[in-house]
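All residue numbers for the sequence shown refer to UniProt numbering, where the first residue is 1 and numbers rise by one.
Presented below is the structure to which this report refers.
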Amino acid sequence: MSARAPMSATSDKRPDSGSSRSAWNDDGLDAPGRPISSGSSTGSAKRESKSAASSTRLTKQTKAKKEKKESFCSKVVGSIWSTRYTQELTDNETKAKTVLRELIIYVIYLAITCAITSGMSSENMYTMTKVMTDLFVDSQFPVTMNTFGGMLTQADFWRFAEGPMLDGLYWEKDYNDHNVSDAELGYVYYESKLLGVPRLRQLRVHNQSCEVAKMFEDVIPACYSEWTRKKNDETEYGLKSETAWVYHSEKEMNGTSYRGILTTYSGAGFYQDLGTTKVKTTEIINELKENLWIDRGTRVVFLDFTVYNPNVNLFAVAKMMVEYPPSGGAMSSHKFTSVKLLRYVTVSDYIIMGCEFVFIAYILYYLVEEIIEVC
């Protein structure tokens, strides 16, 4: 009996089942609607924390890549189109470097521009224009000793055609009065090749293109006004058989308008192509003169021709014109244009071509720079 007493005392200290359930509930481990255990709650929180951290790291990596890409683009753009207006410059050293860089780029641009400009013109253009002017404009007519610039009448035009024009276009004898070879025919000054044949062209106005005062109608049957497109005469006249006496439109002649002293003339008209030799051209001039190709209805006469000088690689385009105003008299003018139509022949020409490509690149460069500054 006495031996079992301690065991009974020990058993009395044990909590009953109700107390155990109450204590379990009091710890919050088995209450309805509450977490089952503190260990489970902690694991869930850790997983959420890891997920948030991973998301944050991805966001930071994406931003870093984007910033790196933008930084690379900014560096590239900044290094090529860096100016005082495209960047915020704070220190004086960076400002000085930027200004020096802009200056060097602009100096190179000016050098390229000057090279292209000088390559497109030369002193040969001036000399060629001058010799053509001296030959056709300043040469004196026979008998009257007048010049092309001093024309006064219709007869002066024929003096010019029979004198300075024929002598200037056809160099068929050397200075020793011997005929040149066939290969040397068709040269002006023995140096410039005449391309094609010269052409004479005129525009006319028709009779009754203006009104005569009634008190003079009986004694003045004809009236010729100034030239306009509306008053342009397109009717055949004279021999009515060749191009010189038949009107041709601008389209047929592939002509263009030209501004004279008095007005702007169309590229149409009555034209006559001259010959390839002096003898043939003399016959044509005599026929036109004898049949009054130029009369009261004529308002302007053009002489057009082109020569090419291979020694200096230049074309000389000549346009000489004589206007006959309705008031009477004659007004002459001329234009000799020396141009380099065959641009790339020598080594220096190809160097100029390279400069032209660089110039185009500069234009694109400055265009992008202006866009960046505006944006």
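For glycine and all other residues, C-beta sits at the position ideal for the given N, C-alpha and C.
Exercise for the section: Tell me whether F216 is buried or exposed, calling it buried when 16 or more other Cβ atoms sit within 10 Å of its Cβ. Expected result: exposed
Handout entry: 6 Å CB neighbourhood of D273 in its chain, flanking five on each side removed
Key = V197 and R199
Practice task
Go ahead and pull the three-state DSSP assignment for C184.
Solution key: Residue 184 is actually Glu in this sequence, not Cys. E184: helix per DSSP, three-state reduction.
Problem - Span of the alpha helix (DSSP H) around M125 - result: E123 to F136
Practice task
Reducing DSSP to helix, strand and coil, say where K251 ends up.
Solution key: In this structure, K251 counts as helix in the three-state DSSP scheme.
Handout entry: Terminal residues of the alpha helix (DSSP H) in which T306 lies
Key = Element bounds for T306: not the alpha helix (DSSP H) but the beta strand (DSSP E), T298 to N309.
Problem - Classification of A3 by the beta-carbon crowding that lies within 10 angstroms, buried from 16 upward - result: For A3, the predicted structure reports a pLDDT of 41, less than 50, and the residue's modelled location is therefore unreliable. The matter cannot be settled from this model.
Practice task
Taking residue 377 as part of the alpha helix (DSSP H), name the residues at either end of that continuous run.
Solution key: A question about residue 377 goes unanswered here, because the residues of the chain that appear run from 1 up to 375.
Problem - Any non-hydrogen atom of the ligand COA within 7 Å of N254 CB - result: The ligand COA is absent from the structure shown, which contains no ligand whatsoever.
Problem - Local conformation of G196 per DSSP, three classes - result: Under the three-state reduction of DSSP, G196 is assigned to strand.
Practice task
Say whether the stretch 284-295 touches the stretch 253-268, bearing in mind that this needs 3 or more beta-carbon pairs closer than 8 Å, one atom from each stretch.
Solution key: no
Exercise for the section: Leaving aside the five residues before and after N124 along the sequence, list all residues of the same chain whose C-beta is less than 7 Å from its C-beta, in chain order. Expected result: These residues qualify, in order along the chain: V312 and L314.
Handout entry: Status (buried if at least 16 other CB within 10 Å, exposed otherwise) for E323
Key = buried
Practice task
Identify every residue that forms a DSSP beta bridge with F315.
Solution key: Y308 and V339
Exercise for the section: Could you work out which residue in N309, T264, E211 and Y271 is closest to N254 when comparing CA atoms only? Expected result: Y271
Exercise for the section: Kindly list the residues whose CB is nearer than 8 Å to the CB of F160, restricted to its own chain and excluding five residues on each side of it in sequence; keep chain order. Expected result: F141, F148 and M151
Handout entry: Where Q154 sits in the DSSP three-state scheme
Key = helix
Exercise for the section: In the DSSP assignment, find the unbroken beta strand (DSSP E) run with G273 in it and report its ends. Expected result: Looking at the sequence provided, one finds Asp at residue 273 rather than Gly. Per DSSP, D273 belongs to the beta strand (DSSP E) from F270 to D273.
Practice task
Can you say whether F357 is buried or exposed, counting buried as having 16 or more other CB atoms within 10 angstroms of its CB?
Solution key: exposed
Practice task
Could you work out which residue in G297, S241 and I285 is closest to G328 when comparing CA atoms only?
Solution key: Closest option to G328, judged by alpha-carbon separation, among G297, S241 and I285: G297.
Handout entry: Extent of the continuous alpha helix (DSSP H) to which T94 belongs
Key = N92 to G119
Problem - Cross-strand partners of R204 (DSSP beta bridge) - result: T298
Problem - Best match in V99, A115 and L110 for proximity to I351 [C-alpha to C-alpha] - result: A115
Handout entry: Coil, strand or helix - K280 by DSSP
Key = helix
Practice task
With DSSP as the reference, label K231 as helix, strand or coil.
Solution key: The answer is coil: DSSP assigns K231 none of H, G, I, E or B.
Handout entry: Sequence-distant residues of the same chain with beta carbon closer than 7 Å to T10, five excluded per side
Key = Note that T10 scores a pLDDT of 43, beneath 50, so its modelled location is shaky; the value from the coordinates is reported in the next line. No residues qualify anywhere along the chain.
Practice task
Report the rounded CA-to-CA distance for V347 versus K240, giving the unit in angstroms.
Solution key: 54 Å
Problem - the stretch 103-121 contacting the stretch 358-371, beta-carbon criterion three pairs below 8 Å - result: yes
Practice task
Determine, using beta carbons only, whether D156 and A330 come nearer to each other than 8 Å.
Solution key: yes
Problem - Rounded C-alpha distance that separates G281 from T264 - result: Note that residue 281 is Thr in the sequence shown, not Gly. Spanning the two alpha carbons is a distance of roughly 29 Å.
Practice task
Could you tell me the boundaries of the alpha helix (DSSP H) in which I360 lies?
Solution key: Where I360 is concerned, the enclosing alpha helix (DSSP H) stretches over V347 to V374.
Exercise for the section: Determine the DSSP secondary structure at E323, reduced to helix, strand or coil. Expected result: strand
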